[in-house]
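Step one of this worksheet: look at the structure below.
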Amino acid sequence: MSVVPISFGASENPPLILIHDISGSPFPYLPFGLHQVLSQYTIYGVSALSESSAAPASTHTSVSAWAEAYAALIEAEIGEELAAQYQGPVVLGGWSLGGILAAEIARVFRRRSAGRIRILGLILLDSHAPWCLKERMLLGPRGVEIGGVVVESAYFTPADMSHIIDLLGRTGQDAWPGMDDIGCPAWLITPSAAGANGLEQWFPDNRRVRRIGQDSEGCDHFSMMKAEWIEQVIEGVLDALKEMRT
């Protein structure tokens with residue numbers, strides 16, 4: 001596991017810490033660091049890969065335990081830097097599985113009231129409740145399939161992938177507190193129709209939901225992070241950041 005810098009922005013802007021998706025890679029967030037406005041924020045990506053080996057995802061006994069490990073990683077690798085250079089709260093987020101882990105990490109930092117890292121807000125990029133995400137996943141010979149699309153990973157072994165699916169399957173509606181007790185507001189940016197993410201109870205009035213590609217064909221969970229739609233995703237992130245600071 002490691003924290004990878006994507007861009008270095010102005011010290012007056014809250015840093016973004018973005019957690020990897022099921023692939024284990026922070027690569028999908030690279031366009032954020034190239035955007036003229038969003039690159040004015042310091043952005044870090046949390047990767048499942050360390051300098052020596054892939055993260056042993058199969059050792060985590062629950063989604064919350066996984067988040068505890070990532071919170072400790074963030075604190076160890078950039079906690080001192082954040083405290084010295086920014087002296088304020090940070091924004092957590094992630095695409096797909098990354099958003100679920102980000103919510104759990106926010107809960108961890110909230111419990112550590114004396115810690116150096118405080119959370120300003122949470123941004124979920126088409127994240128789904130664990131049981132919804134599990135229902136969409138199938139482990140095939142080439143990797144995880146989500147909605148018929150194969151997600152290959154150089155970061156996780158097949159055993160890791162299988163274990164992650166099992167963790168999500170065991171995190172049912174009675175076992176996952178969702179956005180409760182995260183200690184900060186949350187935003188959802190998604191191409192999915194209302195009700196598809198399993199998160200609606202935490203966004204009852206849609207005030208913090210940004211739906212992208214709703215009037216066009218071809219925008220889905222995977223294409224939203226590609227060239228045709230990434231600008232809308234970034235606009236949603238910038239809108240969320242603006243609301244957090246007002």
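Going by UniProt numbering, the sequence shown opens with residue 1, and the numbers climb by one from there. No residue lacks a Cβ here, since even glycine has one placed at the ideal position from N, Cα and C. Predicted, not measured: the structure shown is a model, and the values here were computed from it.
- Query: Taking the C-alpha atoms as reference points, what is the distance between Ala129 and Asp166?
  - Reply: Stepping through the sequence shown from its first residue, residue 129 is reached at position 129. Stepping through the sequence shown from its first residue, residue 166 is reached at position 166. Straight-line Cα distance between these residues: approximately 14 Å.
- Whose C-beta lies closer than 8 Å to the C-beta of Glu145 among residues of the same chain, with five residues either side of it excluded? For this step, residue 145 is matched to residue 145 along the sequence shown. The answer, listed in chain order, is Met137, Leu138, Leu139 and Val151.
- Task: Below 7 Å CB to CB, which residues in the same chain sit around Leu92 once its five sequence neighbours on both sides are set aside?
- Result: Taking the sequence shown and counting its residues from 1, one reaches residue 92 at position 92. Excluding positions up to five away in sequence, the list reads Ile17, Ala102, Ile105, Ala106, Ile119 and Leu122.
- Query: Nearest-angstrom Cα distance between Leu241 and Pro15?
  - Reply: Mapped onto the sequence shown, residue 241 falls at position 241. Mapped onto the sequence shown, residue 15 falls at position 15. Looking at the two C-alpha atoms, the distance is approximately 10 Å.
- Message: Quick check for students: name the residue ranges of the beta strand (DSSP E) that lie wholly in the UniProt domain "Thioesterase" (15-130), counting only runs of 3 or more.
- Response: 16-19, 43-47, 90-95 and 119-125
- Task: Quick one: grab the DSSP three-state call for Leu199.
- Result: The residue you call residue 199 lines up with position 199 of the sequence shown. Three-state result, Leu199: coil.
- Task: Answer with buried or exposed for Ser52, where buried requires no fewer than 16 other C-beta atoms within 10 angstroms of its C-beta.
- Result: For the purposes of this step, residue 52 is identified with residue 52 of the sequence shown, where counting begins at 1. Bear in mind that a pLDDT of 46 at Ser52, under 50, signals an unreliable position, so the number given afterwards is only what the model happens to contain. It counts as exposed.
- Message: Just to confirm the assignment, what range does the beta strand (DSSP E) spanning Ala186 have?
- Response: The residue given as residue 186 occupies position 186 in the sequence shown. Its beta strand (DSSP E) spans residues Ala186 to Thr190.
- Item | Counted within 10 angstroms of its Cβ, other Cβ atoms place Leu73 as buried (16 or more) or exposed | Within the sequence shown, numbered from 1, the residue matching residue 73 stands at position 73. Label assigned to Leu73: buried.
- Candidates Ala84, Ser64 and Glu77, of which the one nearest Gly98 by Cα: The residue labelled residue 98 in the question sits at position 98 within the sequence shown. Of the candidates Ala84, Ser64 and Glu77, the one whose C-alpha sits nearest the C-alpha of Gly98 is Ser64.
- Query: Would the region 29-37 and the region 1-13 be scored as touching if the rule is three or more Cβ pairs under 8 Å?
  - Reply: yes
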